[in-house]
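Residue numbers (our numbering): 3 to 126.
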């Protein structure tokens, strides 16, 4: 952006800001995560998994949804890197990914929604 000439000079710091603007590739992961959390059901599932590791059947019961619907949401959350899974026998267990992005989103959800975090099971 150093050599780019802006159509209008408003006397602001546009050039300085533009020099630090992330590229589309740099921001893609954040964009995908936010897109996935734009759905209220996925947002609730993500919040739940920030506080406990759980199987599909229990998640479905806790969010009052069918297991297939929960599985669909889990697949999307997992593909965006927000949650991870592990297998124990025939059962799959899901939890929030141990990433800075997931932790920041977790705390942002609670702050913006004025949601109290369960103290005893705080993961992030």
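Ideal Cβ positions, reconstructed from N, Cα and C, are used throughout, including at glycine.
Contact between the stretch 79–89 and the stretch 8–23 is absent, with fewer than three C-beta pairs closer than 8 Å. Our two residues, residue 111 and residue 33, have alpha carbons roughly 16 Å apart in a direct line. If you ignore the 5 residues before and after residue 76, its C-beta comes within less than 8 Å of the C-beta of 47, 58, 61, 85, 87, 96, all in its own chain and listed in chain order. By the CB criterion at 7 Å, residue 101 and residue 52 fall outside the cutoff. In the DSSP assignment, residue 25 falls outside any beta strand (DSSP E) and carries neither an H nor an E. Beta-bridge analysis with DSSP links residue 98 to 85. The DSSP-derived three-state label of residue 52 is helix.
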